[in-house]
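Residue numbers (the numbering used here), protein chains in the order written: chain D, 101 to 419; chain U, 186 to 533. The beta-carbon is built from N, C-alpha and C at its ideal position, and this holds for glycine as well. Computed from a predicted structure; not experimentally measured.
Below you can see the structure in the form of structure tokens.
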């Protein structure tokens with residue numbers, strides 16, 4: 101799709117500002133301005149990402165720096181509840197950590213792992229799916245058999261396997277440092293099959309259409325046809341899968357962290373916070389788990405709404 | 186364009202395109218395992234089985250026939266979308282079928298193009314018209330300068346009677362006829378000499394068909410184009426062709442000058458097709474009603490494939506496959522009855 105925009109920008113013969121102006125006037129931007137829900141979702145998503153990226157500047161304390169913690173402030177309720185303190189907006193946990201700050205820091209890990217593994221799965225899956233559907237024959241059979249084998253293992257098992265291998269290879273400190281990347285690799289590697297199957301199916305439909313045959317008559321290279329012609333026409337369902345996968349990836353990451361094979365406990369993610377907070381739910385300290393949970397739900401919902409809008413906006417027939 | 190640059194005579198005086206005994210079989214058998222278990226042999230569909238023709242520069246050859254007779258397969262074989270099972274395609278005496286490497290094919294690919302049947306499927310819905318038309322130029326690296334490229338696209342849009350501003354739109358913003366014009370503009374953008382048109386008008390309504398056909402004739406005259414035209418519509422074929430090949434079950438049964446074919450059809454199948462054209466004058470001429478259907482190509486009849494439907498078929502037709510032989514009006518007809526002059530001349 102980047103190709104398509106690049107192409108239309110080139111065809112306009114415009115320079116960078118002209119291309120920017122065209123993007124601003126484009127149909128996609130128009131449909132964006134006409135959908136309040138989409139704009140809200142975009143704002144929420146943006147806030148989430150900004151909060152995660154700029155956590156060290158936005159948070160009131162660094163919850164993982166033990167010197168800033170005060171055990172006297174442990175288990176305080178949210179600021180607006182009786183007994184709450186103004187500087188701890190969403191209250192504190194049993195170690196005196198500000199829940200608001202832990203959410204900001206936690207969403208950092210969650211989003212990094214989520215986005216990273218979705219990107220990995222997307223590139224891997226879309227690439228293999230395109231190749232499989234376009235080439236057909238024995239290449240297709242081989243890739244799809246690998247996908248079948250992959251699918252017969254649960255994602256968590258694959259993640260445990262990859263984590264085990266890296267644990268055996270790397271020394272402890274190096275493993276802790278690489279934990280996030282191991283997670284991205286594990287979750288990404290177990291998620292590509294869905295993309296590959298979807299893209300393969302749509303590719304098999306698209307490759308028999310006459311516009312692909314026209315490109316073959318022109319004599320374009322098969323890879324150029326796959327990337328320039330087929331890819332933009334099969335990306336719609338991929339975007340929808342990617343948004344749902346983002347939520348799944350964040351949840352998988354939380355599960356793995358709970359099992360002790362995820363990120364080290366010194367850097368808990370959003371999922372880990374929910375898990376930890378669960379232990380205090382029955383003792384009445386609901387805020388420790390509810391606020392990270394709400395943050396996760398709102399974030400995932402906003403991303404999903406954006407994905408839905410993008411699917412409609414990128415399909416010229418629905419404009 | 187092509188006229189001006191090509192000197193007459195010399196090695197280029199032969200036909201521009203020459204198709205020699207081309208055939209394409211499709212393997213339609215069940216998967217290997219199912220076939221072995223059920224003990225069935227391989228099934229081959231002979232979509233095209235030994236077709237030969239020449240097209241001189243600047244002329245139009247049409248292939249007509251009922252659905253499933255293999256005419257579209259011939260078109261795809263000629264442009265290289267299918268590899269022939271046997272036979273060859275020669276472009277200016279060069280055997281294109283033998284060229285495998287992309288670098289060898291590229292200079293020839295630039296010189297022929299194809300127009301497809303369905304104007305709704307033949308343009309990528311996510312590309313702007315300008316990029317669609319410019320694709321052959323970019324693919325062959327014919328113009329490096331984007332300003333020149335834009336001017337060329339504008340010129341092409343005007344050539345097919347569209348406005349240069351239409352280049353910024355997407356294909357779905359156009360009607361079927363306009364889309365077919367865009368297809369033609371794309372096909373012309375690399376300055377080809379030879380166009381394969383696979384039923385370019387069959388998806389359009391009648392008034393638009395006429396516009397597109399006239400446009401194609403005008404362009405042929407202006408640019409000196411050579412056409413291979415595929416159609417099932419005899420009126421369209423009569424309008425556009427210099428010569429016509431009638432196909433039946435993967436073979437050409439009659440190949441003749443357009444005028445001769447329509448005035449005095451030789452092969453019984455051609456006669457049957459022409460008799461099926463509605464006739465507003467109600468001349469009451471003797472008609473042979475269209476009888477029967479095209480046989481299953483997986484299991485074609487013995488001898489002449491047309492004999493089950495032919496009113497003049499005899500024992501020889503059922504036994505022996507006819508070969509193309511010159512008929513009285515200068516046509517080539519593959520028919521025993523024509524050869525033996527068994528068919529009575531038409532009255533009225």
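Asked: Inter-residue spacing [alpha-carbon to alpha-carbon] between residue 222 of chain D and residue 287 of chain U; Found: 31 Å
Asked: Residue 302 of chain U - DSSP class collapsed to helix/strand/coil; Found: coil
Asked: The beta strand (DSSP E) enclosing residue 540 of chain U, as first and last residue numbers; Found: Any answer about residue 540 of chain U is impossible in this case: the structure gives chain U only from 186 up to 533.
Asked: Contact residues within the stretch 332-344 of chain D, judged by C-beta distance below 7 Å to chain U; Found: 332, 333
Asked: Beta bridge counterpart(s) of residue 433 of chain U as assigned by DSSP; Found: U/436
Asked: C-alpha gap between residue 292 of chain D and residue 489 of chain U, whole angstroms; Found: 55 Å
Asked: Nearest neighbour of residue 339 of chain D, chosen from D/135, D/403, D/367, D/237 [CA to CA]; Found: D/403
Asked: Unbroken stretches of the alpha helix (DSSP H), 4 residues or longer, contained in the stretch 508-532 of chain U; Found: 521-524
Asked: Expected contact under 8 Å - CB spacing of residue 409 of chain D and residue 138 of chain D to nearest Å; Found: 4 Å
Asked: DSSP three-state assignment for residue 273 of chain U, whether helix, strand or coil; Found: strand
Asked: Cβ neighbours of residue 400 of chain D in the same chain (closer than 6 Å, five flanking residues each side left out); Found: 347
Asked: Check whether residue 317 of chain D and residue 297 of chain U have beta carbons under 9 Å apart; Found: yes
Asked: Coil, strand or helix - residue 381 of chain U by DSSP; Found: strand
Asked: contact_flag[the stretch 347-356 of chain D, the stretch 366-376 of chain D] where n(CB pairs < 8 Å) is 3 or more; Found: yes
Asked: Residue-level contact to chain U via CB, residue 86 of chain D, 9 Å cutoff; Found: Since the displayed chain D opens at 101 and closes at 419, residue 86 of chain D lies outside it and no answer follows.
Asked: Cβ pair count under 8 Å reaching 3, the stretch 414-430 of chain U against the stretch 244-257 of chain U; Found: yes
Asked: Buried versus exposed call for residue 533 of chain U [16 or more other C-beta atoms within 10 Å across all chains shown]; Found: Residue placement at residue 533 of chain U cannot be trusted, given a pLDDT of 38 that sits under 50; the coordinates are not used to answer.
Asked: Which listed residue (U/349, U/248, U/204) has its alpha carbon closest to that of residue 442 of chain U; Found: U/248
Asked: Whole-angstrom C-beta distance between residue 392 of chain D and residue 370 of chain D, which should lie under 8 Å; Found: 5 Å
Asked: Interface residues of chain D facing residue 307 of chain U [CB-CB closer than 9 Å]; Found: 309, 310, 311, 313, 314
Asked: Nonlocal neighbours in the same chain, by C-beta distance under 7 Å from residue 195 of chain U, ignoring five residues either side; Found: At residue 195 of chain U, the pLDDT of 42 sits below 50, so the modelled position is not reliable and the matter cannot be decided from this model.
Asked: Residue 318 of chain D at chain U interface by Cβ criterion, 9 Å; Found: yes
Asked: Min CB distance residue 410 of chain U to chain D below 9 Å; Found: no
Asked: Chain U contact for residue 409 of chain D (CB, 9 Å cutoff); Found: no
Asked: Three-state secondary structure (DSSP) of residue 104 of chain D; Found: At residue 104 of chain D the pLDDT is 44, less than 50, meaning the model places this residue with poor confidence; the figure from the coordinates comes in the next sentence. Three-state result, residue 104 of chain D: helix.
Asked: Expected contact under 8 Å - CB spacing of residue 278 of chain U and residue 352 of chain U to nearest Å; Found: With a Cβ gap of about 38 Å, residue 278 of chain U and residue 352 of chain U do not count as contacting.
Asked: Euclidean distance between Cα positions of residue 186 of chain U and residue 373 of chain U; Found: Per-residue confidence for residue 186 of chain U stands at a pLDDT of 39, beneath the threshold of 50, marking its modelled position as unreliable; the derived number appears in the next sentence. If you take the alpha carbons of residue 186 of chain U and residue 373 of chain U, they lie about 11 Å apart.
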